[in-house]
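Here the structure is laid out as structure tokens; the discussion comes afterwards.
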Amino acid sequence: MAVTVPPIRERFGWRPAEMVPATYPLPNRPRRPTTGYEDP
Numbered sequence: 003m004a005v006t007v008p009p010i011r012e013r014f015g016w017r018p019a020e021m022v023p024a025t026y027p028l029p030n031r032p033r034r035p036t037t038g039y040e041d042p
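Quick note: the sequence shown uses our numbering, first residue 3, plus one each step.
Here you go:
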């Protein structure tokens with residue numbers, strides 16, 4: 003089975019969706035310790 007886009011869709015500007023990112027960019031800074039979640 004072949005998946006193709008009919009030419010009419012291409013004429014109307016159809017494009018395939020962008021790929022979903024597999025990773026999340028990490029910030030380039032030191033991590034801060036969490037506060038407020040200590041046990042009583």
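Don't be surprised by glycine CBs; every beta carbon is placed ideally from N, CA and C.
Item	Value
Specify the secondary structure class of R33 as computed by DSSP and reduced to three states.	coil
Within the present structure, is the beta-carbon of A24 separated from the nearest heavy atom of the ligand ADP by less than 7 Å?	Judged by which ligands are present, the structure shown has none, so any question about the ligand ADP falls away.
Output the boundary residues of the alpha helix (DSSP H) element that contains R13.	P9 to R13
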